[in-house]
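Notes to accompany the following structure.
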Amino acid sequence: MILIDNTCISDDIAEKFFVCNLDKCKGACCVEGDMGAPLEGDEPAILDRIYPDIKPFLSPEGIAEIERRGGGYEPDGEGGYVTNTINNRECVYATWDERGILKCGIEEAYNHGKVDWKKPISCHLYPIRVTKYESFHALNYDRWPICSPACGFGEQLNVPIYKFVREALVRAYGAPWYDQLTKAIEEKEVQ
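Using my numbering, you'd call the opening residue of the sequence shown number 5 and step up by one each time.
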């Protein structure tokens with residue numbers, strides 16, 4: 005375990021390898037699971053605000069579901085929210101590309117300069133899952149069989165999880181925190 009401020013980081017995040025391999029998995033993480041992507045406190049309001057700007061990047065089915073349900077998210081039963089899905093399958097914000105790969109329509113809008121928000125932090129941090137306790141956050145590696153191609157690809161490229169999700173970790177916890185994480189990992193490797 006690595007302890008930084010109010011976070012407890014699993015050693016797997018430093019030691020395991022991961023790089024998404026969309027040619028192999030086809031974006032299965034946007035389809036699989038028992039509900040949509042978990043949303044943080046202000047993320048439902050952000051989704052409402054940016055909807056007109058991301059709408060051109062969404063699938064007709066996603067748009068229809070968002071408009072039928074009056075929004076792109078729903079309560080998760082535990083006091084939070086998750087993105088809605090289409091027929092309990094893909095996320096309403098996911099869209100298929102010409103190669104049959106699911107991609108995030110929000111991220112596509114972001115990449116085209118239409119919005120200033122990349123995607124829900126839970127998606128951005130994946131394969132890290134954050135459990136928030138009263139006094140700290142636990143960051144753990146979420147092993148999922150559909151992501152096994154990403155593990156092999158990450159190992160081939162020698163990219164540990166914490167480097168793969170660097171941008172998301174900085175977004176969630178800040179650059180000084182990430183620098184502390186990198187330093188702690190490097191010090192552990194020397195021991």
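Built from N, CA and C at the ideal position, the CB exists for glycine as well. The structure presented is a predicted model; accordingly, all values stated were derived computationally and were not measured.
Scanning the region 140-195 for uninterrupted alpha helix (DSSP H) segments of 4 residues or longer gives 152-161, 165-168, 170-177 and 179-194, listed from N- to C-terminal end. A Cβ-Cβ distance of about 14 Å is found for the pair K20 and P153, leaving them out of contact under the 8 Å criterion.
Annotated three-state conformation of R103 is coil, per DSSP. For the 8 Å CB-CB criterion, N88 and Y77 form a contact.
For C127, the uninterrupted alpha helix (DSSP H) segment begins and ends at I125 to L129. For Y97, the three-state secondary structure derived from DSSP is coil.
By alpha-carbon distance to I50, the top candidate from W121, L26, A18 and L185 is W121. About 6 Å separates the beta carbon of L62 from that of T99, a gap short enough to meet the 8 Å contact definition. Judged by their CB atoms, I58 and I110 are nearer to each other than the 8 Å cut-off. The residue from P180, Y166, A113 and D80 with its alpha-carbon nearest to that of D38 is D80. DSSP, read as helix, strand or coil, puts Y137 in coil.
Per the DSSP secondary-structure output, V86 pairs in a beta bridge with P42 and E78. Residue burial is scored here from C-beta neighbours: Y114 has at least 16 other C-beta atoms within 10 angstroms and is therefore classed as buried. Close CB contacts of C24 within its chain, under the 6 Å cut and outside five residues either way in sequence, are with A154 (chain order).
The beta carbon of V174 sits closer than 6 Å to those of Y182, all from its chain and outside the five residues before and after it, given in chain order. Only buried fits L106, as 16 or more other CB atoms lie within 10 angstroms of its CB. DSSP places L62 in no alpha helix (DSSP H); its state is neither H nor E.
Only buried fits K123, as 16 or more other CB atoms lie within 10 angstroms of its CB. Less than 8 Å divides the Cβ of E69 from the Cβ of V96. Taking 8 Å as the upper bound for CB-CB distance, I165 and F22 are in contact here, some 5 Å apart.
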